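Structure first, then comments.
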Amino acid sequence: MTVMTDALPFYDSVTIGVWVRSGSRMESSGEEGLAHFTEHMLFKGTDKRSARDIVLEPESLGAHINAYTMREITCYYIQTPAAGAEKAVEILADMLTGSVFHPRDVETERQVILEEITATEDTPEDYVVDLFQEKLFPEHPLGHPILGTRETVGDFSPEDVRQFWRQWYRPDRLLIAAAGHVTHDAFTDWCEKYFQFTNDVPSRSFSDQKPNARKGKCPPVSVGFSQRHICCGTALCAANAPDRYPLELWHTLLGAGMSSLLFQQLRETHGMVYTVYSYPEFYSDSGVFFVYLGVDPRKETRALELLKNTLNSLARDGIDRDTLERVKRQYNGQRELSMESTYKRMAHMARQFMETGRVASLSELSAGVDAVDVEQMMETAQRYLNFDNWLMVTLQ
14 MTVMTDALPF YDSVTIGVWV RSGSRMESSG EEGLAHFTEH MLFKGTDKRS ARDIVLEPES
74 LGAHINAYTM REITCYYIQT PAAGAEKAVE ILADMLTGSV FHPRDVETER QVILEEITAT
134 EDTPEDYVVD LFQEKLFPEH PLGHPILGTR ETVGDFSPED VRQFWRQWYR PDRLLIAAAG
194 HVTHDAFTDW CEKYFQFTND VPSRSFSDQK PNARKGKCPP VSVGFSQRHI CCGTALCAAN
254 APDRYPLELW HTLLGAGMSS LLFQQLRETH GMVYTVYSYP EFYSDSGVFF VYLGVDPRKE
314 TRALELLKNT LNSLARDGID RDTLERVKRQ YNGQRELSME STYKRMAHMA RQFMETGRVA
374 SLSELSAGVD AVDVEQMMET AQRYLNFDNW LMVTLQ
């Protein structure tokens, strides 16, 4: 169990997060959605608390409690006034070590998650991204939908969930981080006091085989939406690879904000879309970069032509130094602003450590971004931004 703090004595609050090295990638065939189901069940009651108590106690202090499951990690966190910090640690520890997985609660939460799956399918922007991930990494756990499928979620038993929790929620897979008004010594004492594990089930391993990415145009999926919802992109490098900084800058230039190339081209200049953006995500051995846009079917061909021309011109010509310097300022500035949040600082610290084994300072990260030159940008553009090598998935 790793414990980390970012002490900010001038803040009046603290965010505490428990990070588990367990996500949808760790699921075997037939277990799709089990990591997410387990996350839900940790809110359903412990030996000491009911489901209502788990949320009532922090909220009675003015705190916020939540959790989320990703491909390789699951995070549980509480944002609280500083006076509630120890109580927040105790609640999180109780959830992580004392959950009971009552059959009645498993059945109730099954229905909740089935509704969550339906809600995703009714939200085309979310649904097409899930389909894109599935098609990009076929027959690989990174392509699994995090929520699972109706079939897998419908089959999970209380023992399935309990066994997954026993195998993955272990001290050697946990990182506990805090940012805000807290001292490292006090926080460490609380973690040692409350995180008491009695689990004797052997730890489980998972297949870390790197996925083979697919490219090309998939047949459209017909659902009955008025717009075409398009997600297209490619596989990326690992989180700690040298290409990451240039790729983050390409994302900033292409699809992060209203000044981005795609927003200006497709929306402001040609009026073809309301929503268009890019998004990168990095894993331990790979990653994904995609562009999403929603467009009228009559404008689809022209919009994709503009997207293709924009990407291929960047892969062919790169960008000049003035543009690169502007994008660096934007990226570094946005990161600095995000660090005003105790949650963002906590998550940044935890993700850095889990991805690279260390925590780089903001100045070190900014220096890494500043060191990127136009030649590196050109090389990464040629490697990743050729539209003809991308995968495209369309909902209609």
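For the sequence shown, the numbering used here puts the final residue at 409, and the numbers step up evenly by one.
The C-beta atom is built at its ideal place from N, Cα and C for all residues, glycine as well.
Owing to the predicted nature of the structure, the values given are computational and were not obtained by experimental measurement.
Taking DSSP as the reference, what is the three-state secondary structure of residue i?
i      : result
CYS204 : helix
LYS230 : strand
PHE303 : strand
ILE130 : helix
ALA191 : strand
HIS242 : strand
MET352 : coil
HIS264 : helix
THR369 : helix
HIS7   : Shown here, the chain extends from 14 to 409; a query on residue 7 therefore has no answer.
MET359 : helix
ALA252 : coil
ILE332 : coil
SER63  : strand
GLN395 : helix
HIS77  : strand
ALA269 : coil
THR162 : coil
TYR296 : coil
TRP403 : coil
SER374 : coil
THR211 : coil
GLN97  : Here residue 97 is Gly; the residue named in the question, Gln, does not match the sequence. If DSSP states are grouped into helix, strand and coil, GLY97 belongs with the helices.
SER291 : strand
Pop quiz: residue i and residue j are said to be a contact at Cβ under 8 Å. What is the actual Cβ separation, rounded to whole angstroms?
i      : j      : result
SER112 : LEU69  : Between LEU69 and SER112 the Cβ distance is about 17 Å, and since that is not below 8 Å, they are no contact.
VAL31  : TYR89  : 5 Å
LEU47  : VAL174 : 7 Å
LEU260 : PRO233 : Wrong, their Cβ atoms sit about 28 Å apart, outside the cutoff.
ALA254 : TYR296 : Incorrect: roughly 11 Å between the Cβ atoms, too far for contact.
MET359 : ALA190 : 5 Å
ILE104 : ILE86  : About 20 Å separates the two Cβ atoms, so there is no contact after all.
ARG38  : LEU155 : 6 Å
SER239 : ALA269 : No, SER239 and ALA269 are not in contact; Cβ-Cβ is about 27 Å, not under 8 Å.
VAL9   : ARG334 : Residue numbering for the chain in the displayed model covers 14 to 409; residue 9 lies beyond these limits and cannot be assessed.
LEU275 : VAL289 : 5 Å
HIS416 : PRO224 : Any answer about residue 416 is impossible in this case: the structure gives the chain only from 14 up to 409.
Excluding five sequence neighbours on each side, which residues of the same chain lie with their C-beta closer than 6 Å to the C-beta of residue i?
i      : result
LYS230 : MET405
LEU324 : LEU398, PHE400
CYS244 : VAL141, VAL142, PHE145, PHE303, TYR305, VAL406
ALA192 : ASP19, THR28, THR355, ARG358, MET359
ILE159 : SER37, HIS49, THR82
ALA226 : LEU149, ALA248
Using C-beta distances below 7 Å, list every residue in its chain close to residue i, excluding the 5 sequence neighbours before and after it, in chain order.
i      : result
HIS197 : THR18, ALA20
ARG311 : none
PRO184 : MET14, PHE210
ASN345 : SER379, VAL382
So, for residue i: in the same chain, excluding its five sequence neighbours on each side, which residues have a beta-carbon less than 8 Å away from its beta-carbon?
i      : result
ARG163 : LEU127, ILE130
LYS228 : THR247, ASN402, TRP403, LEU404
VAL385 : TYR258, PRO259, LEU262, LEU337, LYS341
MET390 : PRO259, LEU262, TRP263, GLY331, ILE332, LEU337
GLU122 : PHE50, HIS53, MET54, LYS57
GLN365 : ARG371, VAL372, ALA373
Are the CB atoms of residue j and residue i within a distance shorter than 9 Å?
i      : j      : result
VAL33  : THR201 : no
LEU279 : LEU319 : yes
VAL286 : LEU149 : no
HIS157 : LEU408 : no
ILE29  : VAL125 : no
LEU109 : PRO94  : no
VAL236 : GLU134 : yes
LEU249 : SER299 : yes
GLY307 : PRO137 : yes
SER41  : TRP181 : no
ARG65  : ASP256 : no
Taking all protein chains shown into account, decide if residue i is buried (16 or more other Cβ within 10 angstroms of its Cβ) or exposed.
i      : result
LEU350 : exposed
ASP118 : buried
GLN209 : exposed
ASP60  : exposed
GLU45  : buried
HIS49  : buried
ASP107 : buried
HIS283 : exposed
ARG416 : A question about residue 416 goes unanswered here, because the residues of the chain that appear run from 14 up to 409.
GLN347 : exposed
GLU172 : exposed
GLY43  : exposed
GLU52  : buried
SER374 : exposed
THR96  : Residue 96 is actually Ala in this sequence, not Thr. Exposed, by the Cβ-count rule.
THR8   : Since the first residue of the chain shown is 14 and the last is 409, residue 8 is not available in this structure.
Against chain B, does residue i count as a neighbour if the rule is that its beta carbon must be under 9 Å from one of theirs?
i      : result
ARG123 : Note that chain B does not occur in the displayed structure, where there is just one protein chain.
I'd like to confirm something about residue i: is its beta-carbon nearer than 8 Å to some heavy atom of the ligand ADP, or not?
i      : result
ASN402 : Looking at this structure, you won't find the ligand ADP or any other ligand, since it has none at all.
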